Amino acid sequence: GNDQILIEQYMPRPRHIEVQVFGDSEGNVMSLFERECTLQRRHQKVVEEALAASVTAERRAAMSAAARSAAQAAGYVGAGTVEFIADAAGFHFIEMNTRLQVEHPVTEMVTGLDLVEWQLRVAMGEKLPLPQDEIAANGHAMEARIYAEDAAKGFLPAAGTIRAWREPAGNGIRIDTGFRAGDAVTPYYDALLAKLIAWGADRPQALARLVEALDAFEIAGVTTNLAFLRALLRHPQVVRNEIDIGFIERELAALTRSAPSLAALDLAAACAAVLLREQCEQISQDGSPWDRTDGWTLAGRRSRRLSFRGGGERYDAVLWYGRDGLSMEFGGTNDRLQFVPREGGVFDMCLGDAPERVSVAWSGRDLDLTTLRGRRKLHWIDPFVADISEAAATGRIVAPMPGTVTRILAEPGAGLQRGAPLIVLEAMKMEHTLRAPADGRLKALKCAVGDFVQEGTELADFEPGAE
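Going left to right, the sequence shown walks through residues 385 to 851 as my numbering numbers them.
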């Protein structure tokens with residue numbers, strides 16, 4: 385064997401910097417500046433920037449020269465990325481990715497070049513379109529990767545049908561995506577839904593535009609990492625560019641903090657959505673008072689209760705109809721509720737003095753509500769329709785995501801302690817272990833190894849407290 389030992393310098397808080405290179409079949413090699421890819425999770429990039437604001441002009445020249453030398457020595461042809469880790473003391477080579485990468489749009493935005501066209505041209509044997517001294521950078525660009533994943537559940541991949549898809553627009557905004565409303569997001573492919581890119585004259589402007597665009601991006605019907613990205617890019621250390629590759633992992637608890645208990649604004653949005661739905665479903669349009677849904681009555685003021693379920697809890701609001709309009713009673717307060725429908729499942733709402741714009745997508749009696757405060761999924765308990773799930777027994781072990789059953793770790797009849805592993809699901813190359821919710825007994829299995837199951841599929845019956 386080989387008794388040589390390789391020793392690498394330990395860098396406690398490095399940045400991840402990569403250099404875009406191109407080579408052609410005539411031996412020409414050039415670099416197109418660097419990208420900052422420091423904001424990452426489990427070595428997967430989340431946000432990328434060009435140019436790297438942390439890199440000085442001298443460091444930029446040295447890294448670009450090193451990247452060109454590596455590509456030249458290999459006789460490289462095509463688009464490639466030479467990646468480094470760096471700190472204040474220096475930079476060190478990691479690897480070279482021999483392809484055009486996901487984050488190439490930020491380089492396109494600051495150089496004005498079409499890197500896909502360049503890749504195709506050099507692949508066909510053409511010479512590089514420009515010499516090195518004609519490559520210039522202008523401004524700053526940032527890219528955020530929007531995934532179908534649940535940040536609050538360890539970034540488990542999500543699946544479903546996109547009920548609503550509304551993209552932002554504005555100066556310096558670019559969106560690369562192949563999705564639209566009505567498309568199915570399946571577990572068979574990568575969970576990337578879109579790349580949102582913002583350009584600005586400098587990093588603060590690019591960051592501000594990216595945050596504004598993230599706030600305006602609306603996706604309903606499938607869980608996404610939009611809320612996580614909004615929290616990440618508003619973090620003071622990100623704003624100040626005081627980051628390293630371990631930043632997200634250290635701040636993960638704060639960045640993925642679960643939404644607070646249902647707020648009055650959320651319940652008001654759900655109530656408004658139900659009332660707007662009922663207005664659209666009116667059968668008769670002949671002006672009969674029996675078909676009105678605005679609470680009109682000869683007796684004056686009347687009330688109505690609307691109930692919803694979400695996160696394992698039930699929420700009840702009382703709507704009061706009076707001559708002064710509609711009000712909602714919840715949590716000991718009674719505030720006036722107003723709402724005006726817009727196009728595409730969007731409505732403007734005001735509860736008391738708190739205005740809000742709401743996007744709603746319906747699936748049966750399930751509501752998917754999106755506001756700038758985040759996303760809420762609720763189930764409307766219609767008193768005139770039987771609600772089977774409301775009476776479902778406790779102890780059901782269900783799939784939290786679509787996936788394949790890879791292992792079964794407990795047998796029916798076995799007594800188990802809380803947290804004992806029961807079933808392992810795999811999706812998008814990630815494993816998720818379902819565990820006993822309490823001390824008890826596994827009554828029955830309803831799946832087998834190799835089964836592909838959808839989110840919400842019952843996998844086993846569990847009896848809490850059984851010996």
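Where a beta carbon is used, it is the ideal one built from N, C-alpha and C, also for glycine. If you're wondering where the values come from, they're calculated on a predicted model, not measured in any experiment.
Using DSSP's beta-bridge definition, name the partner residues of residue i.
{"i": "Lys579", "result": "Arg529, Asp560"}
{"i": "Asp408", "result": "DSSP output for Asp408 lists no bridge partner at all."}
{"i": "Met785", "result": "Answer is none; Met785 lacks a bridge partner."}
{"i": "Ile469", "result": "His400, His476"}
{"i": "Ser743", "result": "Val730, Thr754"}
{"i": "Glu635", "result": "DSSP, once it has assigned bridges, lists no residue as partnering Glu635."}
{"i": "Asn718", "result": "Glu713"}
{"i": "Thr495", "result": "Note: Thr495 sits in no beta bridge, so no partner."}
{"i": "Gln424", "result": "Lys429"}
{"i": "Lys417", "result": "According to the sequence provided, residue 417 is Phe. The question's Lys does not apply to it. BP columns for Phe417 are empty, so no partner."}
{"i": "Pro541", "result": "Glu533"}
{"i": "Val724", "result": "Asp732"}
Going by CA-CA distance only, name the one from the options that's closest to residue i.
{"i": "Ala542", "options": "Gly716, His816, Ala745", "result": "His816"}
{"i": "Ala521", "options": "Arg452, Val494, Arg693, Ile401", "result": "Val494"}
{"i": "Asp534", "options": "Val413, Val606, Leu390", "result": "Val606"}
{"i": "Asp574", "options": "Ala811, Asp823, Arg819, Gly824", "result": "Ala811"}
{"i": "Ile629", "options": "Gly840, Pro848, Thr841, Glu420", "result": "Glu420"}
{"i": "Glu662", "options": "Leu540, Pro513, Leu809, Arg749", "result": "Arg749"}
{"i": "Glu727", "options": "Gly556, Arg741, Gly716", "result": "Arg741"}
{"i": "Pro739", "options": "Leu751, Gly562, Val724", "result": "Val724"}
{"i": "Val622", "options": "Leu735, Asp599, Gly695, Ala437", "result": "Ala437"}
{"i": "Ala553", "options": "Leu639, Arg593, Ala828", "result": "Arg593"}
{"i": "Arg426", "options": "Asp823, Ala457, Glu418, Gly538", "result": "Gly538"}
{"i": "Trp704", "options": "Leu613, Arg698, Phe714", "result": "Phe714"}
{"i": "Val730", "options": "Ala653, Ile781, Ile478", "result": "Ala653"}
{"i": "Val500", "options": "Ala600, Asp732, Arg791, Val405", "result": "Val405"}
{"i": "Leu762", "options": "Arg698, Ser711, Leu818", "result": "Arg698"}
{"i": "Ala525", "options": "Pro821, Ile781, Asn555", "result": "Asn555"}
{"i": "Met814", "options": "Leu540, Ser415, Leu710, Leu514", "result": "Leu540"}
{"i": "Ala458", "options": "Ala473, Val413, Glu418, Met733", "result": "Val413"}
{"i": "Leu753", "options": "Cys664, Cys655, Ala528, Leu829", "result": "Cys655"}
{"i": "Asp650", "options": "Trp583, Met733, Ile478, Trp502", "result": "Met733"}
Taking residue i as part of the alpha helix (DSSP H), name the residues at either end of that continuous run.
{"i": "Glu551", "result": "Premise fails: Glu551 is in no alpha helix (DSSP H) and is neither H nor E."}
{"i": "Arg854", "result": "Outside the shown range of the chain, which is 385 to 851, sits residue 854, and nothing can be said about it."}
{"i": "Leu843", "result": "Unbroken run through Leu843 is the beta strand (DSSP E), 842 to 848; no alpha helix (DSSP H)."}
{"i": "Val595", "result": "587 to 600"}
{"i": "Arg661", "result": "648 to 664"}
Grab the span of the beta strand (DSSP E) containing residue i for me, first residue to last.
{"i": "Leu484", "result": "Counting along the chain, Leu484 falls outside any beta strand (DSSP E), and DSSP gives it neither H nor E."}
{"i": "Leu690", "result": "686 to 694"}
{"i": "Met447", "result": "Segment 441 to 457 is the alpha helix (DSSP H) holding Met447; no beta strand (DSSP E) there."}
{"i": "Ala521", "result": "Careful: Ala521 lies outside any beta strand (DSSP E) and carries neither H nor E."}
{"i": "Lys830", "result": "First-last for Lys830: undefined, no H or E at that position."}
{"i": "Ile871", "result": "The first residue shown for the chain is 385 and the last is 851, placing residue 871 beyond what the model contains."}
Assuming contact is defined by CB atoms lying nearer than 7 angstroms, are residue i and residue j in contact in what I supplied?
{"i": "Gly544", "j": "Val569", "result": "yes"}
{"i": "Ile559", "j": "Ala585", "result": "no"}
{"i": "Ile391", "j": "Phe468", "result": "no"}
{"i": "Ala798", "j": "Leu843", "result": "no"}
{"i": "Glu432", "j": "Val490", "result": "yes"}
{"i": "Ala470", "j": "Pro398", "result": "yes"}
{"i": "Arg547", "j": "Ala745", "result": "yes"}
{"i": "Arg689", "j": "Asp700", "result": "yes"}
{"i": "Ser743", "j": "Glu596", "result": "no"}
{"i": "Pro515", "j": "Pro786", "result": "no"}
Here's a check: name, in chain order, each residue in its chain whose Cβ is nearer than 7 angstroms to the Cβ of residue i, leaving out the five neighbours to either side.
{"i": "Gly779", "result": "Asp845, Phe846, Glu847, Pro848"}
{"i": "Ala777", "result": "The predicted position of Ala777 is uncertain, since its pLDDT is 42 and thus under 50; a value taken from the coordinates is nonetheless stated next. None."}
{"i": "Gln485", "result": "Thr465"}
{"i": "Arg641", "result": "none"}
{"i": "Gly695", "result": "none"}
Which same chain residues end up closer than 6 angstroms to residue i when comparing Cβ atoms and leaving out the 5 residues on each side of it in sequence?
{"i": "Phe836", "result": "Thr788"}
{"i": "Ile632", "result": "Arg425"}
{"i": "Gln801", "result": "Asp823"}
{"i": "Pro396", "result": "none"}
{"i": "Lys429", "result": "Cys421"}
Leaving out the 5 sequence neighbours to the left and right, which residues in its chain are closer than 8 angstroms to residue i when beta-carbon positions are compared?
{"i": "Thr482", "result": "Tyr460, Gly462, Gly464"}
{"i": "Ile627", "result": "Arg399, Thr422, Leu423, Gln621"}
{"i": "Arg443", "result": "Ala470, Phe475"}
{"i": "Gly840", "result": "Val782, Ala783"}
{"i": "Gly803", "result": "Arg819, Ala820"}
Just checking residue i against the ligand SAH - is the residue's beta carbon closer than 6 angstroms to any of the ligand's heavy atoms?
{"i": "Lys429", "result": "In the structure on display, the ligand SAH does not appear, and there are no ligands present to speak of."}
Check whether chain B comes within 7 angstroms of residue i, counting only Cβ atoms and requiring the distance to be less than that.
{"i": "Glu433", "result": "No chain B appears in the structure shown, which is made up of a single protein chain."}
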